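In order, the protein sequence lines correspond to chains A and B. Each residue of the first sequence is one higher than the one before, counting from 467 in the numbering used here. Each residue of the second sequence is one higher than the one before, counting from 787 in the numbering used here. Even for Gly, the Cβ is constructed at its ideal location relative to N, Cα and C. From a predicted model like this one, the values you see are computed outputs, not experimental measurements. All remarks here apply to the structure that follows.
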Amino acid sequence: GDMPWVVKAEEKMKFDSIFESLGPVGGMLTGDRVKPVLLNSKLPVDILGRVWELSDLDRDGMLDRDEFSVAMYLVYRALEGEPVPMSLPPPLVPPSKR
Amino acid sequence: QYPAGGSSTNPFL
């Protein structure tokens with residue numbers, strides 16, 4: 467659809483720079499690379515597990531830059547006190563994955 | 787959801 471992605475351009479640039487700083491291989495970050503970053507948020511591990519479930523859209527155990535942005539978006543919102551949804555709302559699905 | 791006997795793709799599980 468043509469629904470705007472909830473991750474705005476400015477926020478996407480920030481998430482992309484974090485993504486690049488973690489040393490993606492072939493445009494992907496493995497769970498081992500992403501896990502310590504999410505743990506840094508100090509959010510409960512069960513919440514972070516759900517963030518991963520919602521972000522790894524193709525369930526390959528790795529995040530590309532759009533999936534990583536979904537993960538970071540959910541973590542930042544959770545830190546602001548918003549609950550992490552049980553399933554990914556359509557506006558949060560990256561346009562490249564629809 | 788995960789392959790039987792296979793490991794999870796979720797690093798937090």
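Exercise. Using a Cβ cut-off of 7 Å, pull out every chain B residue sitting near V511(A), in sequence order please.
Key: F798
Quiz item: Could one say the Cβ of R564(A) lies closer than 8 Å to chain B's Cβ atoms, at least one of them?
Solution: no
Quiz item: Using the rule of at least 16 other Cβ atoms within 10 Å of the residue's Cβ for burial, across every protein chain shown, is R516(A) buried or exposed?
Solution: buried
Exercise. To the nearest angstrom, report how far apart S487(A) and L529(A) are at their CA atoms.
Key: 14 Å
Exercise. Alpha carbon to alpha carbon, how far is D468(A) from P802(B)? Give it in angstroms, no decimals.
Key: What the structure shows of chain B is the stretch from 787 to 799, and residue 802(B) is not part of that stretch, so it cannot be assessed.
Self-check item: the segment 503-513 of chain A contacting the segment 541-554 of chain A, beta-carbon criterion three pairs below 8 Å
Solution: yes
Quiz item: Can you list the residues of chain B that G527(A) reaches, using a CB-CB cut of under 7 Å?
Solution: T795
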